[in-house]
Structures are given as C-alpha cells and as structure tokens.
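Enquirer: Quick note, my numbering runs 150 ahead of the 1-based positions in the sequence shown. Please find one structure pasted underneath; my questions will follow.
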Amino acid sequence: MAADWLGSLVSINCGETLGVYQGEVSSVDQSSQTISLKQPFHNGVKCPVPEVTFSAMDIKELKVLDIVSGRGVVVPKSSDPVSVPHRGQHKTQDRLSSPQQLCSKSYGDKHLDGPGQPRGFRRRHNSC
Numbered sequence: 151m152a153a154d155w156l157g158s159l160v161s162i163n164c165g166e167t168l169g170v171y172q173g174e175v176s177s178v179d180q181s182s183q184t185i186s187l188k189q190p191f192h193n194g195v196k197c198p199v200p201e202v203t204f205s206a207m208d209i210k211e212l213k214v215l216d217i218v219s220g221r222g223v224v225v226p227k228s229s230d231p232v233s234v235p236h237r238g239q240h241k242t243q244d245r246l247s248s249p250q251q252l253c254s255k256s257y258g259d260k261h262l263d264g265p266g267q268p269r270g271f272r273r274r275h276n277s278c
C-alpha cells in the first residue's frame, strides 16, 4: 500500500518551526513511520539537498497534490467546473455563468495601486 504513493506530489506541513515542504514521494517506510521527498521545496524555495525525510511525529498535515497510480500514471482530476453560491445566495445557473459578475476587486487592485501609477503597475515586495 505504501508503494501506491511513490511518485505522487505532496505538501507536508510540519508546523511553525519546520515549515511547509512540497515534493515527490520517493519512499514511505511504514515500520519507521517516515516519508521521503525528492526534489523538495521548503516554504516555496527549492532545497539545496536532493531528498528530505520526515518522521510521522513531525507532520501536522499532509496534502496530496497529484496522485500517481502504482503504474506511474497520473490519475486525472475532474476538470468540470462547479458553481458554489455565496452564503444566502440562491441564483439561477445563467447568473452564475460569468464568474466576473460575482467577484469583487482583488487585494492587489484595492491596496497595491499607488496614486498616479498606471493600473498595470504593481509595487514589488522583496522578502528573504
């Protein structure tokens, strides 16, 4: 059963201290309760090491991003759009056909445009 997850892309949340890792499952050891990721990313930055291993005790949350079957084939996800009405809203399907009608301005549109800047211009925030 553990071999079924090999090659799948996962996100592992280890809490505030260790952060979040993403990568491809390279091994799962049920006896030692560990999982290893190859080509890992840590908090969105590529790790300098080719593989990291996590103990089950360190994992707060594990999300499977892409499932690869035991034959090495990615299991297709449904691409059918699903309309989810806002709380208290019961609209007809024709009103939901255009998502732009229900969306408000994004955070960037509301807060990142400076006075006198063209609409397409966005300030860049550098963080380490």
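For glycine and all other residues, C-beta sits at the position ideal for the given N, C-alpha and C.
Measure the C-alpha to C-alpha separation of residue 207 and residue 162 and round it to an integer number of angstroms.
Expert: Answer to the nearest angstrom: the Cα atoms are 12 Å apart.
Enquirer: Report yes if the C-beta distance between residue 187 and residue 202 is below 8 Å; otherwise report no.
Expert: With respect to residue 202, residue 187 sits close: the two C-beta atoms are nearer than 8 Å.
Enquirer: For residue 223 and residue 190, I'd like the C-alpha separation in whole angstroms.
Expert: Legend: pLDDT at residue 223 = 48, less than 50; position of this residue unreliable, value from coordinates given subsequently. For the pair residue 223 and residue 190, the Cα-to-Cα distance works out to about 21 Å.
Enquirer: Measure how close the beta-carbons of residue 215 and residue 170 come, nearest whole angstrom, since I'm counting them as under 8 Å.
Expert: With a Cβ gap of about 12 Å, residue 215 and residue 170 do not count as contacting.
Enquirer: In the DSSP assignment, what residue or residues form a beta bridge with residue 185?
Expert: DSSP, once it has assigned bridges, lists 178, 204 as partnering residue 185.
Enquirer: Taking the CB atoms as reference points, tell me whether residue 158 and residue 184 lie closer together than 8 Å.
Expert: no
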